[in-house]
Amino acid sequence: MTDPRIKRTRLHVLETTRRMLSERNGETITLSSLAKEAEVSRRTLYVHWGTIEQVISEAVSLAPGADGFDPEGLTTRERVVHFLTNVRDGIHEPITKVALTSLIHHATQEDKAVASMDDMSDKRLEQLRELVGPVTTEQFAELVGPVYFSELVLHKPASDELIERLADVAVELVGPGETGSSN
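Counted from 1, the sequence shown has number 23 at position 10 by the working numbering; the numbering is strictly sequential.
(1) Would you kindly check if the distance between the Cβ of L116 and the Cβ of E71 is under 8 Å?
(2) At what residue ranges does the region 145 to 181 contain a whole run of the alpha helix (DSSP H), taking only runs of 4 or more?
(3) Among L144, V68 and E36, which residue has its Cα nearest to the Cα of G86?
(4) So what does DSSP say about E40, is it helix, strand or coil?
(5) Mind reading off the beta-carbon distance from L10 to P159? Whole number of angstroms is fine, and I expect it under 8 Å.
(6) Report yes if the CB atom of Y161 is closer than 8 Å to the CB atom of I104, and no otherwise.
(7) Going by the CB atoms, is the gap between V111 and R137 shorter than 8 Å?
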């Protein structure tokens with residue numbers, strides 16, 4: 014079992030990161046600036062995360078999202094609509110949007126940022142797989158790519174109509190599934 018002090022410190026650092034992202038308006042956050050703001054040592058940040066990209070990635074995943082959703086009895090299409098709506102709403106959150114654009118920028122120059130982006134994508138892909146079964150990375154990209162494009166490039170939320178069309182695509186890609194299954 015993890016020491017409660019470690020859990021509190023990690024949560025404090027992640028919440029501080031989220032706050033800094035919301036206040037910085039695109040200004041770069043470094044391990045040094047985060048350590049100072051969170052009142053922890055840089056060594057603590059290195060031990061727990063290693064890179065600022067990993068901290069930002071985990072801070073983004075701290076965003077609200079566990080809404081108690083129960084997929085039991087829903088079709089694949091309904092599960093995909095819920096998943097994509099959750100992705101859209103998560104990206105649309107200002108802190109998450111700032112963090113993602115920062116990671117995307119860093120990923121053009123740093124392998125560590127690419128690894129953080131990969132980790133975030135892998136987590137989302139696993140969530141989708143838990144809901145609908147086997148999904149390839151290409152299928153995942155085909156489904157979530159338009160949502161990210163709308164939010165991060167066009168700067169407007171992916172519409173409900175787009176999500177509905179993508180859910181239709183998902184059914185074509187992975188099949189309709191069975192209502193009531195727990196996959």
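Idealized CB from N, CA, C, for every residue including glycine.
A quick look at the data gives this:
(1) For this step, residue 71 is matched to residue 58 along the sequence shown. For this step, residue 116 is matched to residue 103 along the sequence shown. Going by C-beta atoms, E71 is not nearer than 8 Å to L116.
(2) 150 to 161
(3) The count along the sequence shown starts at 1 and reaches residue 86 at position 73. That would be L144, whose Cα lies nearest to the Cα of G86.
(4) Here residue 40 refers to the residue found at position 27 of the sequence shown. If DSSP states are grouped into helix, strand and coil, E40 belongs with coil.
(5) No answer is possible for residue 10: the residues shown for the chain start at 14 and end at 196.
(6) Along the sequence shown, read from residue 1 onward, the residue named residue 161 stands at position 148. Along the sequence shown, read from residue 1 onward, the residue named residue 104 stands at position 91. Result yes, Cβ atoms of Y161 and I104 sit closer than 8 Å.
(7) Numbered from its first residue, the sequence shown carries residue 137 at position 124. Numbered from its first residue, the sequence shown carries residue 111 at position 98. Taking C-beta atoms as the reference points, R137 and V111 fail to come closer than 8 Å.
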